[in-house]
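> What follows is a structure written as structure tokens; I'll ask about it next.
2 protein chains.
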Amino acid sequence: MTTAADLAGLAALLADETRAGICLALLDGRSWTAGELAAHTGVAPSTATAHLHRLVAGGLLVERRQGRHRYVQLADASVAQLLEDLATRTEPGPARTGSLRAVTASAALRRGRTCYDHLAGRLGVAVTDAMSGRGLLERGSGFALTPAGLAWLADLVGWDPAQPRPGRRPLARGCLDWTERREHLGGLAGAKLCETFLDNRWVVRIGSGRAVRLTTAGHAALRDHLGITVTCSPPR
Amino acid sequence: MTTAADLAGLAALLADETRAGICLALLDGRSWTAGELAAHTGVAPSTATAHLHRLVAGGLLVERRQGRHRYVQLADASVAQLLEDLATRTEPGPARTGSLRAVTASAALRRGRTCYDHLAGRLGVAVTDAMSGRGLLERGSGFALTPAGLAWLADLVGWDPAQPRPGRRPLARGCLDWTERREHLGGLAGAKLCETFLDNRWVVRIGSGRAVRLTTAGHAALRDHLGITVTCSPPR
DNA sequence: ACGACAGTTCGGTGCTCATCGAAGGGTTCC
DNA sequence: GGAACCCTTCGATGAGCACCGAACTGTCGT
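One line per chain: the protein sequences are W and P, in this order.
The numbering of the first sequence is the working numbering, which starts it at 9 and goes up by one.
The numbering of the second sequence is the working numbering, which starts it at 9 and goes up by one.
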């Protein structure tokens, strides 16, 4: 039996624009740091801290301390589902009732999508797996590239690894996928890889959303460069 | 594209205990009057008015003016779905991810359930339909009983129609079902009928919730008294 | 060891909003 | 027509809370 107070308490977590912005940002499945979320929502770090406390206490987010950073992400896939249901209601237009269209769109998202600026979904995980044998090391939490792996990647994406990198973005980082429940390659390497995939039209965006589709050229490229075959049609 | 402000605005509608209580009350599919909701949530009528304005403006509720009454109900089935999803999250325990259990429970609810104090779901609609040929008239919005229908009902539920009724509850009223999207019999007549069904064990409650199941005796009673057959196993 | 950095705690400020009572407008019943 | 009733509008009140800056703790790089 759910009381009105319980329901109101849950809704109150999302009833603030800043907290809503945090949750929408986390909807991409990545882990964000408290500072990134503060900057993204335009509030002071102290304010972001308070919001994250409430969201974690409310069970919507989980946190992972790492050194002086505090990473947060959505607690589980059901939270992401709930957020997307709510977000759907705020959009005008027809086809609001859990339509076939929404289901297939969701299935497309599961197959492959961009996650912030790198590849996610089954496609992202498959690419990450394939790279594991080519110089990508799973290092506790996150990833690292061997020199050979870096050279291989640099050759693929056409980019000089010796050249100094602006900013301090980590080269390779892990990103937990909320549909696959698996880590996949993010960071600068993941972004460059995704850029290359899009530039070469190995994947193309479906509509204006985050979902992507593997092209015929993409199939060939994956086979040639990584020796894998990713099914493009829904399994089962 | 959903903005954080949109999401927060939607969540804010449910972030108040009184408004949450209103929505949970409406989850039974009935239309409630503003006064009933004020009494149910324990606030002044003026306060309830303000809340209903916000909920209607936000698209969660629809209203229907009838004389000096203002009836409100959930805008559509997707709102009910959303509320139940949120309510599920507030309950602790496992099996939170849209499990088979939740789906079958939902299917049982669609087949038959009590709606406040009368029968709803396919069962409720079927009974209402069958009574249409036996003295139940659809009167614009709502229902009315002919003298013959009243006598027939009084005989079935063992109740003297001549005896003065306490309170002012309408004898027969319509109640829109959010799974069937059809009107069914509510009001005092619907309550008495439901009481008789439960007392005679024509229907029994499934677990502790609102879902009910038609018994073998119930099948026979429906055939004898109303000449209808309601399937108890899931169709299709 | 030192500075730079990420995050936290704390006190103060201001705004939003839920609430009520009183007064007013419609509707129904007698 | 008048009384009872349902609902609404309008101020006033008070509590909750989102926000910031400043001071503080802990971590990383040099």
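Ideal placement from N, C-alpha and C gives every residue a C-beta, glycine not left out.
If you're wondering where the values come from, they're calculated on a predicted model, not measured in any experiment.
Should Leu-18 of chain P be flagged as near chain W, meaning a C-beta pair shorter than 8 Å?
Taking Cβ atoms only, chain W reaches closer than 8 Å to Leu-18 of chain P, which makes this a yes.
> Where Leu-144 of chain W and Arg-38 of chain P are concerned, what is the direct C-alpha to C-alpha distance, given to the nearest angstrom?
About 59 Å.
> Please name the residue, chosen from W:Arg-213, W:Leu-234, W:Thr-26, W:Cys-202, that lies closest to Leu-127 of chain W on a Cα-to-Cα basis.
Nearest C-alpha to Leu-127 of chain W: W:Cys-202.
> Might you give, ordered along the chain, the residues of its own chain that have their beta carbon closer than 8 Å to the beta carbon of Pro-53 of chain P, omitting 5 neighbours on each side?
Once the five neighbours on either side are set aside, the close Cβ partners of Pro-53 of chain P are Ala-42, Gly-43, Ala-46.
> In chain order, what residues of the same chain lie with their CB nearer than 8 Å to the CB of Ser-216 of chain W, ignoring the 5 residues before and after it?
Residue confidence for Ser-216 of chain W is low, a pLDDT of 45 falling below 50, so the modelled location carries little weight; the figure read from the coordinates is stated next. Closer than 8 Å at the Cβ level, and outside the excluded window around Ser-216 of chain W, lies no residue.
> Quick one: Cα of Thr-26 of chain P to Cα of Ala-13 of chain P, how far?
Rounded to the nearest angstrom, the two C-alpha atoms are 22 Å apart.
> Determine which residues share a DSSP beta bridge with Val-211 of chain W and list them.
Answer by DSSP bridge pairing, in chain order: W:Leu-222.
> Since Ala-19 of chain W and Ala-16 of chain P are thought to touch, with beta carbons under 8 Å apart, how far apart are those beta carbons, to the nearest angstrom?
10 Å between Cβ atoms; not a contact.
> Mark Asp-207 of chain P as exposed unless 16 or more other C-beta atoms lie within 10 angstroms of its C-beta, in which case mark it buried.
It counts as exposed.
> Suppose you measure from the CA of Gly-245 of chain W to the CA of Thr-10 of chain W; what does that come to, to the nearest Å?
Residue 245 of chain W lies beyond the range of chain W shown here (9 to 244); nothing can be said about it.
> In the segment 18-32 of chain W, which residues sit with their C-beta less than 9 Å from some C-beta in chain P, listed in chain order?
Cβ contacts with chain P come from Leu-18, Ala-19, Ala-20, Leu-21, Leu-22, Ala-23, Asp-24, Glu-25, Thr-26, Arg-27, Ala-28, Gly-29, Ile-30, Cys-31, Leu-32.
> Relative to the alpha-carbon of Val-238 of chain P, which residue among P:Arg-78, P:Leu-196, P:Gly-120, P:Val-64 has its alpha-carbon at the smallest distance?
Answer by Cα proximity: P:Gly-120.
> Where DSSP assigns a beta bridge to Arg-73 of chain P, which residues make up the other side?
DSSP lists P:Arg-78 as partners of Arg-73 of chain P.
> Where does Ala-23 of chain W land, buried or exposed, given buried means 16+ other C-beta within 10 angstroms?
It is buried - the Cβ of Ala-23 of chain W has at least 16 other Cβ atoms within 10 Å.
> Tell me whether Gly-157 of chain W sits in a helix, a strand or coil according to DSSP, three-state version.
In the structure shown, Gly-157 of chain W sits in a helix (DSSP, three-state: H, G or I).
> Could you round the C-beta distance between Glu-92 of chain P and Val-80 of chain P to whole angstroms and report it? I think they count as a contact, below 8 Å.
18 Å between Cβ atoms; not a contact.
> Does Ala-65 of chain P come within less than 8 Å of chain W when only Cβ atoms are used?
Taking Cβ atoms only, chain W never reaches closer than 8 Å to Ala-65 of chain P, which makes this a no.
> Please classify Ala-56 of chain P as buried or exposed, where buried requires at least 16 other C-beta atoms within 10 Å of its C-beta.
Ala-56 of chain P is buried by the Cβ-count criterion.
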